[in-house]
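In what follows, a single structure is set out as structure tokens and then discussed.
There are 2 protein chains.
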Amino acid sequence: MQRPTLAAVAARAGVSKSSVSRVVNGETTVAPEIRELVQRAVRELGYVPNAAARNLVTRRADAVAVVVSDPPKGLVDDDPMFAAVVRAASRELEASGRQVVLMLAGSDDSRRRVEQYVSAGYVDGVMLVSLHGADPLPAALARLGLPVVSLGRSAASVPYVEIDNVGGATLAARHLLDQGRQRIATISGPLDLLASQDRLTGYRDTLRGTGRRSIVAIGDFTRISGAEAMAQLLEDDPVLDAVFAANDLMAIGALRTLREAGRRVPDDVAVVGFDDIEAALYTAPPLTTVRSPMGDQAVATVRLLLSWLEGGPRDSVVMPNELVVRESG
Amino acid sequence: MQRPTLAAVAARAGVSKSSVSRVVNGETTVAPEIRELVQRAVRELGYVPNAAARNLVTRRADAVAVVVSDPPKGLVDDDPMFAAVVRAASRELEASGRQVVLMLAGSDDSRRRVEQYVSAGYVDGVMLVSLHGADPLPAALARLGLPVVSLGRSAASVPYVEIDNVGGATLAARHLLDQGRQRIATISGPLDLLASQDRLTGYRDTLRGTGRRSIVAIGDFTRISGAEAMAQLLEDDPVLDAVFAANDLMAIGALRTLREAGRRVPDDVAVVGFDDIEAALYTAPPLTTVRSPMGDQAVATVRLLLSWLEGGPRDSVVMPNELVVRESG
DNA sequence: AAACGCTGAGGGAGCGTTCCCTCTAATGAT
DNA sequence: ATCATTAGAGGGAACGCTCCCTCAGCGTTT
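Protein chains in written order, with our numbering: chain A, 1348 to 1676; chain B, 1348 to 1676.
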């Protein structure tokens, strides 16, 4: 049951440990016949280098941590962002020969665990996802001295990738204005997220000066919170004729409340979302939304991290987005 | 930038490395004053044990791999199952003090990578998710001799957790029969998945002997495939009056096709899904479906693995499910 | 008072790699 | 033919930790 070691392979091949190591690591300074000998021994013995021993001496782990700041509730289980981001990041990282260690950082407790883990040298770098504005984690990790990047801007000075949230919200609001909508409400995301703040800013700034007033309800990016916020909004202003939701999930919740309240979409109320998740195609009616491909962002974030790990540049990137007009508004 | 080592802590505290090791690992045979001394030194130096060195000698990694067999296309990014399972498993594993290494196993290539990785001793056990019936991976991993469990039954003799797929499909089909539906179709999942086979079996067996014939289209568990399969079905049998989709995503796709084809749900056609993902609540009309909580299954699977890792029993478990009747059928 | 546990601290040998250094042998230049 | 140069193999010292073993010191037993 004992796995074979380098020494065992060396003995079998009749060469030194050094030579085996060289062959295994693909170094070129090895004579063809020795290489052949070693490769055969490796095959026969089913040798696989021991990770711990290798990491110990190289001081690399060939792994990166993907740290996802869990939403406070932690009960939102089918979260399309999560799947898209984790999947894309995994694929990209695996393609670079690195492993993905997934960590959920919800509580203070788990944040400490993350710091410990990273300090222990398990990983060469960290990709942070979806952090709150005041999250202490990015700064703490950056202080450890190893590469940290984040998907979504953070307060700390960590290189990041994000889409143009202000611009996207502006696109949405302007689209509603152009249709001649008069009372345009918004369902904002949680305000401790910079992305939420930016989207709200885009909405507000666009409305300002058109004589219209802002009508705002706050959600937490879940469907259910969107439904509740919409009910709130209808109560506040029964004759509103448009809603911009800060993400698609909340827009979907809003659609449901509107349907139950007997409002027709888009005839009575226009609805615009944000993100363009796949489900936006399948609502009734299909959702007009601001496209911001999470998968692409995740890939860009990984590339940023890889660039840093390889000694290249580490410049934050802001990605463009566009309005996808469907039938909801 | 060099992190402090055990020896540094020992020197600082004026004790031996052994004592420091004992304190750090929480052994009880340490005098209180020495413990205090060591703990202070650890704090002052910010000492964190090096993972690789520890793993090397203990031959444990305190980590488990979560291997997700990607759907062939690999482009389905907002997959609620994925998020629910990965989240729940992560939470449970982290609670047990173990790390989660996420691996996507789509291609043959990546399967080799997984085997390599596991052989390298990076992890103490493996949790497999959503494998095809003929997947060579479970058997290969089991052969390595370390604990492997799977979420979803597999052909290999690996302990598993799954819901009662045959029973769930039976529930759905019987529900449609009880409404007096006459032409009941099904949209099956890919047939290389045992879960798909079982659901199809439940449907077929329930219809058999009622004088009704099976009407089957095959999808791949994505929304789009559900939409396409529904179109196919309508072509095959324009007067069908019920559809059982093998998962909610495909049911959602089917709903869309039905809407576009001018069929009313449930008046003209009843639709029943499977899984009860959150989105099922937000379709128009809300989806009747078979509840099979993925999060709970994931947790059960992790518990099974943990039990095994700790030398306990490793018995497969089949979880019950129930029909959730909403408005679609 | 001597002998005998027993508790708890220290010493040091590995764990399986990599990588630096040494040394041999072969090549090419003169 | 001789010497300088170099390609390539082998030896062995780390890497940072755990854990076995030894041994000191003290309390108990007879």
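Glycine is no exception: its CB is placed at the ideal position from the N, C-alpha and C atoms.
In whole angstroms, give me the CA-to-CA distance for L1628/A and L1634/A. Counting from 1 along the first sequence, the entry for residue 1628/A is found at position 281. Counting from 1 along the first sequence, the entry for residue 1634/A is found at position 287. Roughly 6 Å between the two C-alpha positions.
As an exercise, report each continuous alpha helix (DSSP H) stretch of at least 4 residues that is fully enclosed by the segment 1570-1615 of chain A, in chain order. 1570-1583 and 1595-1607
Chain B contact for A1398/A (CB, 8 Å cutoff): As a first step, residue 1398/A must be located in the first sequence, where it is residue number 51. It does: the Cβ of A1398/A has a partner Cβ on chain B nearer than 8 Å.
Exposed or buried, D1545/A, counting other C-beta atoms within 10 Å across all chains shown (16 or more means buried)? Locating residue 1545/A in the first sequence gives position 198, where the first residue counts as 1. Buried: at least 16 other Cβ atoms inside 10 Å.
Flag this pair as touching only if the segment 1533-1553 of chain B and the segment 1504-1523 of chain B have three or more C-beta atom pairs under 8 Å; answer yes or no. yes
Which runs of the alpha helix (DSSP H) fall wholly inside the segment 1503-1529 of chain B and span at least 4 residues, in chain order? 1512-1525
Less than 8 Å between CB atoms is the rule here; does G1600/B satisfy it with respect to chain A? Counted from its first residue, the second sequence places residue 1600/B at position 253. Yes, its Cβ sits closer than 8 Å to a Cβ of chain A.
Between S1466/A and chain B, is any beta-carbon pair separated by less than 8 Å? Indexing the first sequence from 1 puts residue 1466/A at position 119. For S1466/A, the answer is yes, since a Cβ of chain B falls inside 8 Å of its Cβ.
Which residues in chain A have a C-beta closer than 7 Å to the C-beta of Y1507/B? List them in chain order. What you label residue 1507/B is simply residue 160 of the second sequence in a count that begins at 1. Residues of chain A with a Cβ closer than 7 Å to the Cβ of Y1507/B do not exist; the shortest Cβ-Cβ separation is about 21 Å.
Use the C-beta contact count for N1372/A: other C-beta atoms within 10 angstroms, 16 or more gives buried, fewer gives exposed. Along the first sequence, read from residue 1 onward, the residue named residue 1372/A stands at position 25. Burial call: exposed.
Counting only Cβ pairs nearer than 8 Å, list the residues of chain A close to Q1463/B. Here residue 1463/B refers to the residue found at position 116 when the second sequence is read from its first residue. Within chain A, the residues near Q1463/B are V1395.
Could you tell me whether the segment 1609-1617 of chain B touches the segment 1639-1650 of chain B, using the rule of 3 or more Cβ pairs below 8 Å? No contact exists between the segment 1609-1617 of chain B and the segment 1639-1650 of chain B.
Given this structure, state the Cα-to-Cα distance separating P1494/A from V1414/A, to the nearest angstrom. The residue labelled residue 1494/A in the question sits at position 147 within the first sequence. The residue labelled residue 1414/A in the question sits at position 67 within the first sequence. For P1494/A and V1414/A, the distance between alpha carbons rounds to 13 Å.
Quick one: using the 10 Å Cβ neighbour count with 16 as the cut-off for buried, is E1374/A buried or exposed? Along the first sequence, read from residue 1 onward, the residue named residue 1374/A stands at position 27. Classification for E1374/A: exposed.
Less than 8 Å between CB atoms is the rule here; does Y1469/B satisfy it with respect to chain A? Here residue 1469/B refers to the residue found at position 122 when the second sequence is read from its first residue. Chain A, which has a Cβ nearer than 8 Å to the Cβ of Y1469/B, makes this yes.
So, A1388/A versus A1467/B, is the Cβ gap smaller than 8 Å? In the first sequence, counting from the first residue as 1, residue 1388/A sits at position 41. In the second sequence, counting from the first residue as 1, residue 1467/B sits at position 120. Taking 8 Å as the Cβ cut-off, A1388/A and A1467/B do not qualify as a contacting pair.
Would you grab the beta carbon distance between A1487/A and E1509/A for me? Rounded to a whole angstrom, and I think it's under 8 Å. Counting from 1 along the first sequence, the entry for residue 1487/A is found at position 140. Counting from 1 along the first sequence, the entry for residue 1509/A is found at position 162. Wrong, their Cβ atoms sit about 21 Å apart, outside the cutoff.
Nearest by alpha-carbon distance to V1476/A: which of S1535/A, L1541/A and L1523/A is it? On the first sequence, residue 1476/A is found 129 positions in, with the first residue counted as 1. Minimum Cα distance to V1476/A is reached at L1541/A.
Is the Cβ of Y1550/A closer than 8 Å to any Cβ of chain B? Along the first sequence, one-based indexing puts residue 1550/A at 203. Not an interface residue.
Does any residue of chain B have a CB that is nearer than 8 Å to the CB of L1634/A? As a first step, residue 1634/A is located in the first sequence; it is residue number 287 there, counting from the start. So, not an interface residue.
Please classify A1481/B as buried or exposed, where buried requires at least 16 other C-beta atoms within 10 Å of its C-beta. Along the second sequence, read from residue 1 onward, the residue named residue 1481/B stands at position 134. When all chains shown are included, A1481/B counts as exposed.
Any idea what DSSP makes of T1375/B, helix, strand or coil? For this step, residue 1375/B is matched to residue 28 along the second sequence. Three-state DSSP puts T1375/B in coil, outside helix and strand.
Please list, in chain order, all residues of the same chain as V1672/A whose beta carbon is under 6 Å from its beta carbon, the five residues on each side excluded. Counting from one through the first sequence, the residue named residue 1672/A turns up at place 325. The residues are T1635.
Delimiting residues of the beta strand (DSSP E) encompassing P1617/B: Numbered from its first residue, the second sequence carries residue 1617/B at position 270. Correcting the residue identity first, residue 1617/B is Ala in this sequence and not Pro. Taken as a continuous stretch (DSSP letters only), the beta strand (DSSP E) holding A1617/B covers A1617 to D1622.
Opening and closing residue of the beta strand (DSSP E) in which S1535/B lies: The count along the second sequence starts at 1 and reaches residue 1535/B at position 188. That run of the beta strand (DSSP E) goes I1531 to S1535.
Going along the chain, which residues of its own chain have a beta-carbon closer than 7 Å to the beta-carbon of N1402/A, five neighbours each way excluded? Looking up residue 1402/A in the first sequence gives position 55. Around N1402/A: A1408.
For chain A, is any of its Cβ atoms less than 8 Å away from the one on Q1446/B? For this step, residue 1446/B is matched to residue 99 along the second sequence. It does; some Cβ of chain A falls within 8 Å.
Could you tell me the distance, in whole angstroms, from the CA atom of F1591/A to the CA atom of H1479/A? As a position in the first sequence, residue 1591/A is number 244, starting the count at 1. As a position in the first sequence, residue 1479/A is number 132, starting the count at 1. Spanning the two alpha carbons is a distance of roughly 22 Å.
Which same chain residues, not among the five before or five after S1497/B, have their C-beta less than 7 Å away from its C-beta? The sequence position of residue 1497/B within the second sequence is 150, counting from 1. For S1497/B, where only same-chain residues beyond five positions count, the Cβ hits under 7 Å are L1475, L1478, P1485, V1505 and Y1507.
Between R1406/A, E1625/A, L1581/A and V1370/A, which has its C-alpha nearest R1606/A's C-alpha? As a working mapping, residue 1606/A is identified with position 259 in the first sequence. Measuring C-alpha to C-alpha distances from R1606/A to each of R1406/A, E1625/A, L1581/A and V1370/A identifies L1581/A as the nearest.
Residue from A1608/B, S1501/B, A1574/B and P1585/B whose Cα sits closest to the Cα of A1593/B: Taking the second sequence and counting its residues from 1, one reaches residue 1593/B at position 246. The option with the nearest alpha carbon to A1593/B is A1574/B.
Which runs of the alpha helix (DSSP H) fall wholly inside the segment 1402-1477 of chain A and span at least 4 residues, in chain order? 1427-1442 and 1455-1466
Straight-line Cα distance separating L1384/B from G1421/B: For the purposes of this step, residue 1421/B is taken as the residue at position 74 of the second sequence. For the purposes of this step, residue 1384/B is taken as the residue at position 37 of the second sequence. Residue placement at G1421/B is poorly supported in this model, since its pLDDT is 44, which falls under 50; the coordinates still yield a value, given next. Whole-angstrom Cα-Cα distance: 54 Å.
Neighbouring residues, chain A, relative to E1441/B (Cβ below 8 Å): Here residue 1441/B refers to the residue found at position 94 when the second sequence is read from its first residue. Neighbours of E1441/B on chain A, chain order: M1450, L1451, S1457 and R1460.
Bridge partners of S1497/A, per DSSP? Taking the first sequence and counting its residues from 1, the one referred to as residue 1497/A is at position 150. S1497/A pairs with L1475/A and Y1507/A.
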